[in-house]
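In what follows, a structure is listed as structure tokens, so that the remarks can point back to it.
In my numbering, the protein residues as written are 1 to 260.
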């Protein structure tokens, strides 16, 4: 059954199954108070900048915005769904719409962000809420996930903060083209790549920026589950190879995260 969108209309999708989330869901306001956390995360996704009410939510949004295949993000969406002939409401922390071109797996996630100690201490209290989350997610063709700090505060967060700025402009291809031409898809460390390109007449600051940008755009692949530094091994993508869930630690974590 389709979910009910704002105004009682059925949710509609584009031809490739993408949903501009702000067009379909009202959002619960996050009010600033003396004792509460409230911040805005700037995003270039269709629904724009989003307010969050915890540092963990902000950190997860940063990583979701950096992950390949993310189309749109929305915080505190009010999801209306039908069950047993009744319309109900559920408000998760985040809803994510991924591109349908990703490999097998969910293209939408309904996410609750909680600290591990909170989940343990209040398991009984949260059980009905999480059950509502699973039903609401199922009704909108999404997967329900719970993300705690062990899945959010990882080296990927640091990498996303370092590299995500490069997604704000089209990539410069000079460093990538030279690495691909000289090495093909053979893996080299960042230090080796810099040495190679310096020998071909490029300046080190330009090389480093070019490598970071190529990694951010996933033209150069590396293991972003580990801190990205001069020892990181990078390689050019194989012809026809598309970055998917298996290339991205956060997308793998979402796929594996528990829903209860």
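Even glycine gets a Cβ: it sits at the ideal position worked out from N, Cα and C.
What you are looking at is a predicted structure, and each value in this text was computed from that prediction instead of being measured.
Cβ-Cβ distance between residue i and residue j below 8 angstroms
i	j	result
residue 257	residue 145	yes
residue 97	residue 75	no
residue 188	residue 230	no
residue 54	residue 113	yes
residue 39	residue 73	no
residue 233	residue 211	no
residue 106	residue 25	no
residue 122	residue 228	no
residue 207	residue 136	no
residue 242	residue 166	no
DSSP beta-bridge partners of residue i
i	result
residue 144	110
residue 268	With the chain running from 1 to 260 in the structure shown, residue 268 is simply not present.
residue 81	88
residue 253	Residue 253 pairs with nothing; no bridge assigned.
residue 27	77
Residue i to residue j span [Cα, whole Å]
i	j	result
residue 133	residue 90	7 angstroms
residue 87	residue 44	33 angstroms
residue 204	residue 222	20 angstroms
residue 246	residue 21	25 angstroms
residue 250	residue 194	28 angstroms
residue 199	residue 179	12 angstroms
residue 42	residue 218	21 angstroms
residue 163	residue 83	43 angstroms
residue 100	residue 184	29 angstroms
residue 52	residue 85	33 angstroms
residue 64	residue 18	16 angstroms
residue 67	residue 150	18 angstroms
residue 110	residue 154	21 angstroms
residue 129	residue 156	29 angstroms
residue 248	residue 148	18 angstroms
residue 244	residue 215	14 angstroms
residue 37	residue 226	29 angstroms
residue 220	residue 125	45 angstroms
residue 115	residue 253	16 angstroms
residue 30	residue 119	22 angstroms
beta-carbon residue i near the ligand GDP non-hydrogen atom, thresh 7 angstroms
i	result
residue 87	The model depicted lacks the ligand GDP and carries no ligand whatsoever.
Segment contact, 8 angstroms Cβ cut-off, at least three pairs: the region 169-181 with the region 130-145: As far as the Cβ criterion goes, the region 169-181 does not touch the region 130-145, which means the pair count is below three.
Every unbroken beta strand (DSSP E) within the region 167-238, with a cutoff of 3 residues, ordered by chain: Entirely contained in the region 167-238, the beta strand (DSSP E) runs reaching 3 residues are, in chain order, 233-236.
Inter-stretch contact at 8 angstroms, needing at least 3 Cβ pairs: the region 223-239 / the region 53-64: Taking a cut-off of 8 angstroms on C-beta distances, the region 223-239 does not touch the region 53-64, as fewer than three cross pairs fall below it.
Ranges of the beta strand (DSSP E) found wholly within the region 41-74, counting only runs of at least 3: Entirely contained in the region 41-74, the beta strand (DSSP E) runs reaching 3 residues are, in chain order, 50-52.
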